[in-house]
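One structure below.
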């Protein structure tokens, strides 16, 4: 930090990203109150989650604060492009020269308008991540490099007056819905890493004549590059079996992540084996060590599955009935979010429906009564389910082990522990092509204030439009329909735009 401050004073060209955590005086991370560089006499603040999820995670636009000779485009930025943001804190824009004199552009999330880029003298900084903002972000970096190379030291650039907050604020924000491509990666029967996809979590071919081989849908790096070029807003790589008990020895998977990071400029989420482990030689490895290795390889977020269920169960047992939920600092979620921030931790949950029947115990009926879905009163339930009622039970180990924990208890628990996003799968809908489980997604969105990703069941473009229109979910994920070429990412986005949904 002090080196950056010294460089600024010595008139060296400075480019920074995530300015809410570098350039301002307020809190730098989700959980601390550290001072910033002190270049700007302005405090940052946390987003208010009354009308939106926090963190602000996803793609959004920018609006320039000042008029110029090139309306809508400057510094490699464009008001028609989208940029990738991931932060809980921001520098709120105001009609105050302490911040307006620095502000170059603003972005609106919900009803809050914050500074998304600053520019003054030799300093240019972004709140978004240009290196994760696709071609639009690369253009920002290119423009800055060219401007730095051609800069004339000491030459001041006159500024036109900054627009007022009321003039910049819109009725609706520019937040875009995300379409995510997911790749389940595992070793096939010949020992090669391949992308596969199961039907209700069974990844082997159903044809006995094929010897029930692992379904092979392509090579992970090649598919990752293909989806990036096709317009995927994020890519998720899940290591579903390989070296699960010793992920730091899984050099093939780490190599996949490194090579994928060289090919794509959108966020990469990596899952599989993010937990405390013991190597075959007896060396203990913490979940933080495992996650750090993936981050160094090029991952932006890590996904935690079964370990999250176990951590919430332990927390509930420790606190007891009616107690205040709080972690003990030992879970994988807490370790990683404490070191890298909440936004770096995704929790992937695998719920399964439990139908209410005469055999349902009174205790279970009471415990899950507030989260029971009644098919007859839900406008989002399939006709075949109208006469049924159910709640959602958590599972671990790829859906093979049932737990008494409900999906709502898990979601609320992982938010307390420090998760920044929840990926909601559905064992009942996985591979069916019947559409996302909208009842489940609505239940999740009502339970937490962090972003939620819908997964499992997508069979066509309309299913994406449905989940975005009928729930408040921030993102939707698919795998098999993309791998098999049944649905193109571009056609998903086109269909969503037809329904007036904002897309990148």
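In the working numbering, the protein residues as written are 69 to 572. The beta-carbon is built from N, C-alpha and C at its ideal position, and this holds for glycine as well.
Q.
Between which two residues does the alpha helix (DSSP H) holding residue 385 run?
A. Start at 1 with the first residue of the chain shown, and residue 385 comes out as number 317. 374-387 is the extent of the alpha helix (DSSP H) around residue 385.
Q) In terms of alpha-carbon separation, which member of 402, 491, 535, 530 lies closest to residue 506? A) Taking the chain shown and counting its residues from 1, one reaches residue 506 at position 438. Nearest of 402, 491, 535, 530 to residue 506, Cα basis: 535.
Q: Report yes or no: do three or more beta-carbon pairs, one from the segment 299-309 and one from the segment 327-334, lie closer than 8 Å?
A: yes
Q: For residue 126, count neighbouring C-beta atoms within 10 Å of its own C-beta (all shown protein chains included) and say buried if the count is 16 or more, exposed if not.
A: Within the chain shown, residue 126 is the residue found at index 58, counting from 1. By the 10 Å Cβ count, residue 126 comes out buried.
Q.
Check for me: the alpha helix (DSSP H) holding residue 168 runs from which residue to which?
A. Translated into the one-based positions of the chain shown, residue 168 becomes position 100. Unbroken alpha helix (DSSP H) run through residue 168: 165-168.
**Q.** Which of helix, strand or coil DSSP assigns to residue 212
**A.** Looking up residue 212 in the chain shown gives position 144. Of the three classes helix, strand and coil, the one that applies to residue 212 here is helix, per DSSP.
Q: Go ahead and label residue 454 buried or exposed: buried means 16 or more other beta carbons lie within 10 angstroms of its beta carbon, across all protein chains shown.
A: Position 386 of the chain shown, counted from the start, is the residue given in the question as residue 454. Exposed, because fewer than 16 other Cβ atoms sit within 10 Å of the Cβ of residue 454.
Q: Closer than 6 Å by C-beta to residue 501: which residues in its own chain qualify, once you throw out the five before and the five after it? Chain order, please.
A: As a working note, residue 501 is residue 433 in the chain shown. The answer, listed in chain order, is 527.
Q: Kindly list the residues whose CB is nearer than 6 Å to the CB of residue 515, restricted to its own chain and excluding five residues on each side of it in sequence; keep chain order.
A: Taking the chain shown and counting its residues from 1, the one referred to as residue 515 is at position 447. Cβ within range, chain order: 476, 479, 480.
(Q) As a quick exercise: from 388, 390, 401, 336, pick the residue whose alpha carbon is nearest that of residue 354. (A) For this step, residue 354 is matched to residue 286 along the chain shown. Checking every option, the nearest Cα to that of residue 354 belongs to 401.
Q) Leaving out the 5 sequence neighbours to the left and right, which residues in its chain are closer than 8 Å to residue 484 when beta-carbon positions are compared? A) Position 416 of the chain shown, counted from the first residue, corresponds to residue 484. Closer than 8 Å at Cβ, skipping near neighbours: 383, 393, 394, 395.
Q.
Per the DSSP calculation, residue 474 is bridged to which residue(s)?
A. Position 406 of the chain shown, counting from 1, holds the residue named residue 474. DSSP, once it has assigned bridges, lists 461 as partnering residue 474.
Q) Can residue 563 and residue 533 be called in contact, C-beta distance under 9 Å? A) Translated into the one-based positions of the chain shown, residue 563 becomes position 495. Translated into the one-based positions of the chain shown, residue 533 becomes position 465. Yes, they are a contact pair.
Q) Looking at residue 491 and residue 523, is the spacing between their C-beta atoms short of 9 Å? A) Taking the chain shown and counting its residues from 1, one reaches residue 523 at position 455. Taking the chain shown and counting its residues from 1, one reaches residue 491 at position 423. Closer than 9 Å, so yes.
(Q) Starting from residue 406, trace the alpha helix (DSSP H) in both directions and tell me its first and last residue. (A) In the chain shown, counting from the first residue as 1, residue 406 sits at position 338. Per DSSP, residue 406 belongs to the alpha helix (DSSP H) from 400-408.
(Q) Just verifying my parser: in three-state terms, what is the DSSP assignment at residue 105? (A) By 1-based counting over the chain shown, the position of residue 105 is 37. Residue 105: coil per DSSP, three-state reduction.
Q | Proximity to residue 321 [Cα-Cα], best of 341, 169, 423, 152 | A | For this step, residue 321 is matched to residue 253 along the chain shown. Residue 341 is the option with its Cα nearest to residue 321.
Q: Give the DSSP-derived three-state secondary structure of residue 437 in the structure shown.
A: Position 369 of the chain shown holds residue 437. Residue state, collapsed to three classes: helix.
**Q.** Cut-off 7 Å between Cβ atoms - residues of its own chain near residue 300, not counting five sequence neighbours on either side
**A.** Position 232 of the chain shown holds residue 300. Result list for residue 300: 247, 248, 249, 334, 557, in chain order.
Q) For the candidate residues 494, 441, 446, whose alpha-carbon lies nearest to that of residue 463? A) Locating residue 463 in the chain shown gives position 395, counting from the first residue. Residue 463 has its Cα closest to that of 494, out of 494, 441, 446.
Q | Distance CB(residue 179)-CB(residue 237) smaller than 9 Å | A | By 1-based counting over the chain shown, the position of residue 179 is 111. By 1-based counting over the chain shown, the position of residue 237 is 169. Their beta carbons are under 9 Å apart, which means residue 179 touches residue 237 by this criterion.
Q | Minimum C-alpha distance to residue 291 - residue among 550, 442, 560 | A | As a first step, residue 291 must be located in the chain shown, where it is residue number 223. Of the candidates 550, 442, 560, the one whose C-alpha sits nearest the C-alpha of residue 291 is 550.
Q: Return the chain-ordered list of same chain residues with a C-beta closer than 6 Å to the C-beta of residue 405, the five sequence neighbours on each side being excluded.
A: Position 337 of the chain shown, counting from 1, holds the residue named residue 405. Same-chain partners within the cutoff: 413, 486.
Q) From residue 107 to residue 465, what does the alpha carbon distance come to, in whole angstroms? A) Within the chain shown, the letter at position 39 stands for residue 107. Within the chain shown, the letter at position 397 stands for residue 465. Going from the Cα of residue 107 to the Cα of residue 465 covers about 49 Å.
**Q.** 4-residue-minimum alpha helix (DSSP H) runs that sit fully inside the segment 476-532, ordered along the chain
**A.** 506-515
Q. Residue 196 and residue 184: beta carbons closer than 9 Å?
A. As a first step, residue 196 must be located in the chain shown, where it is residue number 128. As a first step, residue 184 must be located in the chain shown, where it is residue number 116. The answer is yes: Cβ separation under 9 Å.
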